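Engineer: Numbering (my numbering), first residue to last: 2 to 408.
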């Protein structure tokens, strides 16, 4: 067996092994009742994703229904400010308003092939819930979405969208009443309905094979970047690839085609909340230690005796105490650089993009935008930033915290 701590390569390979680990992180730590479900998914997902018929159906829906490929937009005024070329990968222009639809469409197609008739999901910011409800409406499947009651209150627009699409939205009142607790409830539901239910996990978290499954479904983002860049820059890789990271789905998708391309530096932005050491943060890679959460071994925020430390972020989608095992490994071996962005920095970055480029970003994406101020770029640098979602869902937060022209 490979030593999970063997990271001796000077150019580390970020690749999942046969046991579902990225380095020391990953695996499947699950209750016995879910063993058959997870094992069946592990045995079928690669074969299904590689099947030409599945690929045709998935790619046709991405093109005709989701609206892919999304543009790679040169943000001229933002580029001028930072003294380099900054391209925005416009995932905010997807149907439902974020990258989440890529994974939801793929997993619901996979669930139908496995004979599942009921879909459950968790959501924080609501975008994954909306995307899953959308895919279920399209494919005529029952959909139940678990959402922390704090997030239900701050993401009312998305809650109403899910309900209009026919999904049952279940507010979760345990714990901190945010994303972690929604995941807990979804797992409990899955344990009660293992035979007919597929759990559409929204990020690169959870037991193997979910982190790899979600990363592969989201890899369309980086594959498109790789195809789009040559016409703009004469090469298929950027000098910097920037994304926000909570669980890590948009970051995994944006980086996937470049994980083993050392010329593309990966820069990730996680949520520092009110400050890394404020006690109100979700900066898992900065603050976390090795542990097990939601079926995977990864980095998580925990006390010395292993109790989860409740995370905080103004962004519901980054308000998670763990991190996907791929991202934990990439940070551990130095493949990615991770910056901690405060609420204030993210709000300021959202306001700046809105005024400079006429694009209102999601609060999650605003964390990635704020990372631009923390790096010094050379004049010839090509930077690609994954604009993972649009800010419609966050308008109440923006109006509460930002000065808005009333005229």
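Ideal placement from N, C-alpha and C gives every residue a C-beta, glycine not left out. Owing to the predicted nature of the structure, the values given are computational and were not obtained by experimental measurement.
Considering only residues of the segment 202–283, which uninterrupted alpha helix (DSSP H) runs meet the minimum length of 4 residues and lie entirely inside it, listed in chain order?
Structural biologist: With a minimum length of 4 residues, the continuous alpha helix (DSSP H) runs that stay inside the segment 202–283 are 211–219, 221–234, 250–256.
Engineer: Short of 6 Å in beta carbon distance, which residues of its chain neighbour residue 131, apart from the five on each side in sequence? Order them along the chain.
Structural biologist: Closer than 6 Å at Cβ, skipping near neighbours: 97, 159, 162, 163.
Engineer: Taking only the alpha-carbon atoms, compute the straight-line gap between residue 343 and residue 54 and give it to the nearest angstrom.
Structural biologist: Each residue's alpha carbon lies about 45 Å from the other.
Engineer: Which of the three DSSP states is assigned to residue 25 in this structure?
Structural biologist: Three-state result, residue 25: coil.
Engineer: Run through the segment 102–177 for me and flag every whole beta strand (DSSP E) of 3 or more residues, listed as ranges in chain order.
Structural biologist: DSSP runs (the beta strand (DSSP E)) wholly in the segment 102–177: 119–124, 143–149, 169–173.
Engineer: By the DSSP assignment, the beta strand (DSSP E) with residue 290 in it spans what residues?
Structural biologist: Residues 290–294.
Engineer: Check whether the segment 324–334 and the segment 238–249 are in contact - that is, three or more C-beta pairs closer than 8 Å.
Structural biologist: The segment 324–334 vs the segment 238–249: in contact.
Engineer: Measuring CB to CB, does residue 140 end up less than 8 Å from residue 170?
Structural biologist: No, these two residues do not count as a Cβ contact at 8 Å.
Engineer: Measuring alpha carbon to alpha carbon, tell me which of 24, 41, 374 ends up nearest residue 347.
Structural biologist: It is 374 whose Cα lies nearest to the Cα of residue 347.
Engineer: On the three-state DSSP scale, how would you describe residue 81?
Structural biologist: In this structure, residue 81 counts as helix in the three-state DSSP scheme.
Engineer: May I ask you to list the residues that DSSP assigns as paired with residue 86?
Structural biologist: Beta-bridge pairing links residue 86 to 383.
Engineer: Would you report the Cα separation of residue 377 and residue 315, rounded to the nearest angstrom?
Structural biologist: Rounded to whole angstroms, residue 377 to residue 315 spans 26 Å at the Cα level.
Engineer: Counting Cβ pairs, one atom from each stretch, are 3 or more of them under 8 Å apart for the segment 81–94 and the segment 65–72?
Structural biologist: The segment 81–94 vs the segment 65–72: in contact.
Engineer: I believe residue 120 touches residue 109 by the beta-carbon criterion, under 8 Å. Please report the beta-carbon distance rounded to the nearest angstrom.
Structural biologist: The pair is a contact, with the Cβ atoms about 6 Å apart (cut-off 8 Å).
Engineer: Within its chain, find whatever has a CB closer than 6 Å to the CB of residue 398; leave out the 5 residues flanking it on each side and keep chain order.
Structural biologist: So the list is empty, once near-sequence residues are dropped.
Engineer: With a threshold of 8 Å, are at least 3 pairs of Cβ atoms found where one atom belongs to the segment 216–232 and the other to the segment 255–262?
Structural biologist: A contact exists between the segment 216–232 and the segment 255–262.
Engineer: Would residue 183 and residue 124 be called neighbours here (beta carbons separated by less than 8 Å)?
Structural biologist: Yes.
Engineer: With respect to the beta strand (DSSP E) encompassing residue 188, which residues constitute its N-terminal and C-terminal limits?
Structural biologist: Run containing residue 188: none in the beta strand (DSSP E); it sits in the alpha helix (DSSP H), 180–193.
Engineer: In terms of residue numbering, what span does the beta strand (DSSP E) encompassing residue 339 cover?
Structural biologist: Run containing residue 339: 337–343, per the beta strand (DSSP E) assignment.
Engineer: Could you tell me if residue 285 is buried or exposed, where buried requires 16 or more neighbouring beta carbons within 10 angstroms of its beta carbon?
Structural biologist: Buried is the call here.
Engineer: Let me check understanding here. Comparing Cα to Cα, which of 281, 49, 389, 19 lies closest to residue 222?
Structural biologist: Nearest option by C-alpha distance: 389.
Engineer: Is it true that the CB of residue 115 sits closer than 8 Å to the CB of residue 151?
Structural biologist: Result no, Cβ atoms of residue 151 and residue 115 do not sit closer than 8 Å.
Engineer: What's the gap between the Cα of residue 44 and the Cα of residue 403?
Structural biologist: Cα to Cα, the separation comes out at about 49 Å.
Engineer: From residue 15 to residue 272, what does the alpha carbon distance come to, in whole angstroms?
Structural biologist: Whole-angstrom Cα-Cα distance: 23 Å.
Engineer: Label residue 128 either buried or exposed according to how many other C-beta atoms from any shown protein chain fall within 10 Å of its C-beta, with 16 as the threshold for buried.
Structural biologist: That one is buried.
Engineer: If I measure Cβ to Cβ from residue 67 and keep anything under 6 Å in the same chain, skipping five residues before and after, which residues do I get?
Structural biologist: Taken in chain order, the residues that qualify are 95, 96, 102.
Engineer: Candidates 213, 142, 334: which alpha carbon is nearest residue 24's?
Structural biologist: Among 213, 142, 334, the Cα nearest to that of residue 24 is on 334.
Engineer: Could you have a look at residue 199 and say whether DSSP puts it in helix, strand or coil?
Structural biologist: Residue 199: strand per DSSP, three-state reduction.
Engineer: Can you tell me the Cα-Cα spacing of residue 1 and residue 311, whole angstroms?
Structural biologist: Because the chain here runs from 2 to 408, residue 1 falls outside it and cannot be looked at.
Engineer: Using alpha carbons as the reference points, say which of 295, 192, 370, 83 lies closest to residue 380.
Structural biologist: Checked all of 295, 192, 370, 83; the closest Cα to residue 380 is 83.
Engineer: Can you tell me whether residue 363 is buried or exposed? The criterion is at least 16 other CB atoms within 10 Å of its CB, across all chains shown.
Structural biologist: Looking at its Cβ environment, which holds 16 or more other Cβ atoms inside 10 Å, residue 363 is buried.
Engineer: I'd like to know whether the C-beta atoms of residue 197 and residue 113 end up nearer to each other than 8 Å.
Structural biologist: No, Cβ-Cβ distance for residue 197 and residue 113 is not below 8 Å.
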